[in-house]
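**Q**
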Amino acid sequence: MKSFRWTTRDIDNASCLVRYANHSVYAKLELFPPTLSPNPLNIEEPKSLRLFRREWEALTNLTVQSATSAPENSSVVLKFYSVIRAEFTEFADVYMMMQCTPEILSIECNKCLRQCVLNYQNNNWGSQGGGGRLPSCFFWWELYPIPGSSEDMRRVSMISRASTLPQEDTKLKPGYDKKGKRIRNIVIIVVPTVISLFVFVGLIIIFGQRRKFYIKECSDSDEQSMLRFGMRIILSATNDFSPENKLGQGGFGTVYKGILPNGQEIAVKRLVSGSGQGSTEFKNEVSLLTRLEHKNLVKLLGFCNEGDEKILVYELVPNSSLDHFIFDEERRSFLTWEVRCKIIEGIAKGLLYLHEDSQLKIIHRDLKASNILLDADMNPKIADFGTARMFDTDETRAETRRIAGTRGYMAPEYLNHGKISAKSDVFSFGVMLLEMISGERNNSFVGEGLAAFAWKRWVEGKPEMVIDPLLMKTSRNEIIKLIQIGLLCAQENAAKRPTMSSVILWLGSETVTIPLPRAPAFTGNQSQSDNSEMSISNNIFTELSCR
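Residue 530 in UniProt numbering sits at position 530 of the sequence shown, with consecutive numbering throughout.
#1: With a threshold of 8 Å on Cβ separation, who are the neighbours of GLU293 within its own chain once the five nearest residues in sequence on each side are excluded?
#2: For ASN73, which residues in the same chain have their Cβ closer than 7 Å to its Cβ, ignoring the five residues on either side in sequence?
#3: Could you please give the first and the last residue of the uninterrupted alpha helix (DSSP H) stretch that includes PRO412?
#4: Which residue wins for smallest C-alpha separation from THR280, given the options MET96, TYR81, GLY386, SER502?
#5: Between the region 339-355 and the region 446-466, can you find at least three pairs of beta-carbon atoms closer than 8 Å?
#6: Taking the C-alpha atoms as reference points, what is the distance between GLY129 and TRP140?
#7: I'd like to know if the region 320-329 and the region 482-489 are in contact, where contact means that at least 3 CB-CB pairs between them fall below 8 Å.
#8: Mind checking which residues open and close the beta strand (DSSP E) that includes ILE259?
#9: Look at the alpha carbon of CYS109 and the alpha carbon of ASN61, and state the distance between them as a whole number of angstroms.
#10: I believe VAL459 touches LEU374 by the beta-carbon criterion, under 8 Å. Please report the beta-carbon distance rounded to the nearest angstrom.
#11: State buried or exposed for PRO40, treating a residue as buried only when at least 16 other CB atoms are found within 10 Å of its CB.
#12: Quick one: what does DSSP say GLN128 is sitting in, helix, strand or coil?
#13: Quick check: ILE37 and GLY148, are their CB atoms within less than 9 Å of each other?
#14: Just tell me which of SER370, ILE483, PRO520, PHE32 has its CA closest to the CA of VAL503.
#15: So what does DSSP say about MET436, is it helix, strand or coil?
#16: Do MET153 and GLU87 come within 9 Å of each other at the CB atom, strictly closer than that value?
#17: Going by DSSP, name the residue or residues bridged to GLU492.
#18: Could you check whether GLY439 and residue 634 sit closer than 9 Å to each other, using their CB atoms as the reference points?
#19: Nearest to ILE420 by alpha carbon, out of GLY430, MET432, GLY405?
#20: Rounded C-beta distance between LEU507 and GLU345? I'm assuming under 8 Å.
#21: Assuming ILE146 and VAL83 form a contact by the criterion Cβ under 8 Å, report the distance between their Cβ atoms to the nearest whole angstrom.
#22: Can we say the region 300-312 touches the region 282-289, given the rule of at least three CB pairs closer than 8 Å?
#23: Rounded to the nearest angstrom, what separates ASN239 and MET231 at their Cα positions?
#24: Rounded to the nearest angstrom, what separates MET432 and LYS368 at their Cα positions?
#25: Would the beta-carbon of SER136 fall within 9 Å of that of GLU30?
#26: Below 8 Å on the Cβ atoms is my guess for MET500 versus LEU297; work out the distance and round it to an integer in Å.
#27: Residues in its own chain within less than 8 Å of VAL255 by CB, not counting five upstream and five downstream?
#28: Could you say which of ARG441, LEU118, THR68 lies nearest to THR35 if we only look at CA atoms?
#29: For GLU478, which option in PRO463, PHE241, GLY418 has the closest C-alpha, if you only look at C-alpha atoms?
#30: Please identify the residue among THR336, ASN319, MET465 whose C-alpha is closest to the C-alpha of PHE257.
#31: Quick check on THR513: buried or exposed, where buried means 16 or more other Cβ atoms within 10 Å of its Cβ?
#32: Thinking just about the alpha-carbon of each residue, which of LEU134, ALA237, GLU309, ASP357 is nearest to the one in PHE252?
#33: Between the Cα of ARG441 and the Cα atoms of GLU492, PHE334, ASP328, which residue gives the shortest distance?
#34: Among the residues of its own chain, which have a CB less than 7 Å from the CB of LYS496, if the five just before and after it don't count?
#35: Quick check: what's the CA-CA separation for HIS417 versus MET410?
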């Protein structure tokens, strides 16, 4: 979400909010991700704050009601919008603004605004103003007029309910009078200092670039911004890590299903306590995923790092991981040819984003079926970035002494010499592609691996021996094309492996010329010429295109 200033013949210096996303946002209520922007100053007197909270909450209810009471056919510009100046007898005046996107329903606007207010209360109560936003709405309040809001402002007098509280809570300390002059004096002193900053960043602060949820933001470096959950929220969401909510377990932790207070389902990965390597992977994954966003990457909602607990919080992907389907005799029947093509292409697009299209250049280093999650529509999402490596934009390869990954999926130059490049992921993709076609695990071929087995059958002219029997009714030519791509990706010579952009081109084309593969890693057979290639033409392969 961005804010701009613009001028027309009728309006001078108006605000324009522009939202963009990689999915349709029209008429869709969205409550994630949240953003909070508190005023850096706090209300100092705790007793006054307890009394003020009741009045403040009454004002938020009034503003929500005002913003959502617009008729459905009202002006699009002013629909679901309200600005109120509340005049108190015991406190300084409060200015509050709320607005929803105009195409959602009134009941959805009500829900969005109340969630926005709740997020602010849970995280920033006690600040002298500020606000927050969700993709479908925002709210803002201050102890001084909000810039640009005076024209549509509604003034209301708030009846104090101070008399309903015990006397000790309503009595103000010396320095306060009935009109709350001490608070007013603070505002008078502070506003001239910060007003220029608020005017300049105004709506950009409201629609800020950093996301927060349920606890304050923390930053381990100037380059990364992290999302932090409190342990109380995690325990509540998972019912104290109930075994009934357990989704699975890996080498570094256990994954639980959870439900946040607003009803969103999440996946909570609780890392093994005291694991040094787990701690490194935890920091690495948080650092990377907070800066990556793609439909074929799992979405990190936040993390928790309290005491010995290291917890990652993801969007819940309901269909578990790819290995639960491709290597299961019964579930594999759900993976029709069309579904397998969709999964293969989605993984390829996710890798292309990591290697070339994101603001960072990322090598995953542990690409395998168990790290590919499937959503409700069987769309793949690459997960587990604990061992991923970030490259500089002009860096193409690196070396490391710490070999991390899974044998059988690691490229030979990486496994034997620690050399990392995008071609390392391409090798892993090739092995996984052959697993998708055969329905067999790479390590089920003792002594040679799946790529070597497929290569021998390819040279013998018997590629159908690699194909999953469930796919025998599918276009043989299309499956052979994918076997060829898998062998190209799994070649021993990294320089001969294709880029992911080439792979995506081949997957989506019926007429492109694809090189013949050379021997894959670990076989020692390299009988093909470097210049050998074959043409997959429209005349040969016409039955089905994997796109």
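For each residue, glycine too, the CB sits at the ideal point set by N, CA and C.
**A** Result, derived from the coordinates:
#1: ASN22, LYS299
#2: Reliability fails at ASN73, whose pLDDT of 49 lies under 50, so the model's placement of it is uncertain and no value is given.
#3: 412-417
#4: GLY386
#5: no
#6: 8 Å
#7: As far as the Cβ criterion goes, the region 320-329 does not touch the region 482-489, which means the pair count is below three.
#8: 253-259
#9: 13 Å
#10: Separation of the CB atoms of VAL459 and LEU374 is rounded to 34 Å, and the pair is thereby denied contact status at 8 Å.
#11: exposed
#12: coil
#13: This sequence places Ser at residue 37; Ile is not what is there. Result no, Cβ atoms of SER37 and GLY148 do not sit closer than 9 Å.
#14: ILE483
#15: Note: MET436 maps to helix in three-state DSSP.
#16: no
#17: DSSP, once it has assigned bridges, lists no residue as partnering GLU492.
#18: The requested residue 634 is not part of the displayed model; the chain covers only 1 to 547.
#19: GLY405
#20: 6 Å
#21: 7 Å
#22: yes
#23: 12 Å
#24: Take the alpha-carbon of MET432 and the one of LYS368: they are about 6 Å apart.
#25: yes
#26: Not quite, the Cβ-Cβ distance comes to about 14 Å (not below 8 Å), so this is no contact.
#27: LYS246, LEU247, GLY248, GLN249, ALA267, VAL268, LYS269, ARG270
#28: Considering only alpha carbons, the answer is LEU118.
#29: PRO463
#30: Rather than Phe, the amino acid found at residue 257 in this sequence is Lys. It is ASN319.
#31: exposed
#32: GLU309
#33: Considering only alpha carbons, the answer is ASP328.
#34: ARG518
#35: 11 Å
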